[in-house]
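If you number the sequence shown the way this note's numbering does, the last residue is 434 and the count never jumps.
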Amino acid sequence: MIRTPWKELLTIPTLIRRNRKSIETYQDAKLRSLVADVYSSNVFYRRLWDEAGFDPGSFKGIADLHHLPPLTKPQLKEPASLLREKPPARGRMVWHTTSGSSGEPFELVRSWHEERFLTVIRYWMMRNLGTRPTFREARIRVPADFDWLDDWLLRLLNSLGLQRSRIFSCYEPPDSLWRQMAAYAPDVLRGYSETVARVARYGLDKGLRNIRPRFVLVGGEVCTRLMRQQISEAFHAPVYETYATTEVNLIGWSCPQSGLLHICDPSVIVEVLDDEGRPVAEGEPGSLVVTALHLRVMPFVRFMVGDRVVKGPAPCPCGAPFGTLRSIDGREIDRLKLSNGSTLHAYELLNILLEFGLADGWMRQYQLVQDEPGAIEVRIWPLRPPGPGVVEEIATRLEQRTSGTPVRIKLVDKMELDAGGKFHLCRCSI
Ligand SMILES: [Zn+2]
């Protein structure tokens with residue numbers, strides 16, 4: 005029988021107020037129960053773990069997690085195989101389709117209870133950022149894959165003036181978005197980083213100051229310091245980030261004090277691994293691997309998200325008991341193919357572009373594009389024409405990192421979003 009995760013809600017709120025040790029003890033216990041349940045109820049994982057020689061009887065918790073093989077996206081060609089043998093017979097199931105941007109589109113499912121539980125966890129963590137139930141939230145995004153507005157519970161809360169939000173389509177032009185949002189007067193403005201930055205740039209261009217949320221929450225894609233600066237200036241508000249994936253939902257959110265990302269330890273275990281699968285030291289970059297502690301219908305145990313992140317200290321220096329990430333640097337597949345046969349993580353070039361973008365504020369946005377090996381194009385959408393020699397200087401600086409691979413700089417008058425409404429700082433088609 006599959007249990008719903010609701011009883012965790014008795015523990016989690018107290019956990020958040022306690023110390024790092026309490027969080028780790030909680031995670032250990034939940035992980036042991038997850039691994040035992042998944043091993044006995046899930047053919048896919050049992051086969052995967054048996055092949056790796058895993059002995060469920062000797063599994064003690066987080067310290068033994070590395071004995072389980074990481075699960076990669078290409079292994080999930082048949083996502084239905086991840087389903088437990090006997091999913092709950094009763095109750096609504098909620099299906100999601102993840103974006104196909106890093107491979108094939110992928111369908112995943114959670115029980116209604118799991119879905120709601122994650123929403124509550126997310127809400128709790130958002131309180132950490134200062135949200136309140138009476139706040140109105142404007143969300144700029146693609147139309148929802150799960151229609152919350154059809155949900156009786158949410159309709160009830162809305163009628164009481166709680167949890168109100170309105171979705172604004174990210175496909176609308178910025179002038180129309182600005183007008184509609186100004187009329188809605190949100191307390192919180194939320195959306196994909198570049199879409200929100202795009203609206204912010206429109207407001208800055210036109211000198212508009214009539215959208216004044218208490219804070220802006222971005223996520224869904226990398227938010228660079230340049231984007232953050234533009235957003236904060238246009239809306240006169242602090243900009244916080246959330247980091248989530250469709251598979252496990254919330255992974256982290258900005259710490260308002262330290263600027264690091266708090267990890268959502270009560271619902272996920274996060275590992276940051278190097279190319280050999282070893283844990284990296286604090287301050288080092290690596291690949292993010294996540295285990296969802298409370299998902300049983302379609303479990304994710306040591307799932308390689310495909311994102312490159314930098315490990316931060318645990319606990320956070322702000323005093324909260326959470327582990328941290330220093331930054332989310334982008335997708336692991338964003339590696340540029342150089343003419344000498346080696347690869348370079350796009351982040352190394354994006355950092356240089358950011359420096360130039362911040363220097364005298366002439367860039368609106370930039371993007372790296374690679375359609376053939378050994379040639380890299382940098383698209384820059386300028387706010388005003390660059391100073392003399394600046395473009396050549398950028399190319400020279402970038403080429404110092406590309407081992408002789410030529411870098412072509414192209415000034416453009418717009419940036420394309422992908423079919424899912426997301427913007428990618430790096431677009432590699434090879
Ligand atoms: Zn903190």
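In this text, a Cβ means the ideal position worked out from N, Cα and C, and glycines have one as well.
Residue i: first and last residue of the uninterrupted beta strand (DSSP E) it sits in
i, result
"TYR196", "192-196"
"MET308", "307-315"
"MET367", "367-376"
"THR246", "243-249"
"PRO386", "379-386"
"LYS414", "411-415"
"LYS341", "339-341"
"ILE267", "265-267"
Cβ pair residue i, residue j closer than 8 Å
i, j, result
"ALA514", "ARG24", "In the structure displayed, the chain extends from 5 to 434; residue 514 sits before or after that span and is not available."
"VAL301", "LEU87", "yes"
"GLY290", "VAL274", "no"
"CYS430", "ALA350", "yes"
"LEU221", "TYR247", "no"
"GLU359", "ARG405", "no"
"VAL192", "CYS174", "no"
"GLY281", "PRO78", "no"
"VAL39", "PRO60", "yes"
"PRO178", "SER262", "no"
"VAL305", "LEU292", "no"
"PRO270", "PHE121", "no"
"GLY327", "ILE267", "yes"
"LEU437", "MET367", "Look at the range of the chain in this structure, 5 to 434, and you will see that residue 437 is not part of it."
"GLY134", "ARG218", "yes"
"PRO377", "LYS341", "yes"
"GLY316", "ARG330", "yes"
Three-state class that DSSP yields for residue i in the structure shown
i, result
"HIS428", "coil"
"LYS210", "helix"
"GLY104", "Here GLY104 scores only 49 on pLDDT, less than 50, and its place in the model should not be relied on; the value that follows carries that caveat. Three-state DSSP puts GLY104 in a helix."
"GLU403", "helix"
"PHE219", "strand"
"ASN162", "helix"
"GLY290", "strand"
"ALA285", "coil"
"LYS77", "helix"
"PRO260", "coil"
"THR331", "Reading off the sequence shown, one finds Ser at residue 331, where the question assumed Thr. The answer is strand: DSSP assigns SER331 an E or B state."
"LEU35", "helix"
"ARG202", "helix"
"ILE66", "helix"
"THR295", "strand"
"GLU420", "coil"
"THR29", "helix"
"ALA142", "strand"
"LEU157", "helix"
"VAL274", "strand"
Residue i, enclosing alpha helix (DSSP H) - first and last residue
i, result
"ASP129", "This sequence places Met at residue 129; Asp is not what is there. That run of the alpha helix (DSSP H) goes 116-132."
"TYR49", "47-55"
"PHE239", "229-239"
"MET185", "178-188"
"GLU352", "350-364"
"ILE171", "Here ILE171 belongs to no alpha helix (DSSP H); instead the beta strand (DSSP E) covers 168-173."
"PRO17", "16-20"
Residue i classed as buried or exposed, judged by whether at least 16 other C-beta atoms fall within 10 angstroms
i, result
"HIS428", "buried"
"PRO303", "buried"
"THR249", "buried"
"ASP333", "buried"
"VAL47", "exposed"
"LEU112", "buried"
"HIS240", "exposed"
"ILE27", "buried"
"GLY104", "Residue confidence is low: GLY104 scores 49 on pLDDT, short of 50, so the model does not pin down where it sits. No coordinate-derived value is stated."
"LYS90", "exposed"
"PHE410", "Residue identity check: residue 410 is Pro in the sequence provided, not Phe. Answer is exposed; the Cβ neighbour count stays below 16."
"GLU141", "buried"
"GLY408", "exposed"
"TYR196", "buried"
"LYS11", "exposed"
"ASP338", "buried"
"LYS210", "exposed"
Neighbour flag for residue i against chain C, beta carbons, 8 Å
i, result
"ALA33", "The chain labelled as chain C is not found in the depicted structure, where only one protein chain is given."
Within the structure, which residues are defined as neighbours of ligand 1 by a Cβ-heavy atom distance below 5 Å, reported in chain order? Result: CYS259, SER262, CYS320, CYS322, ALA324.
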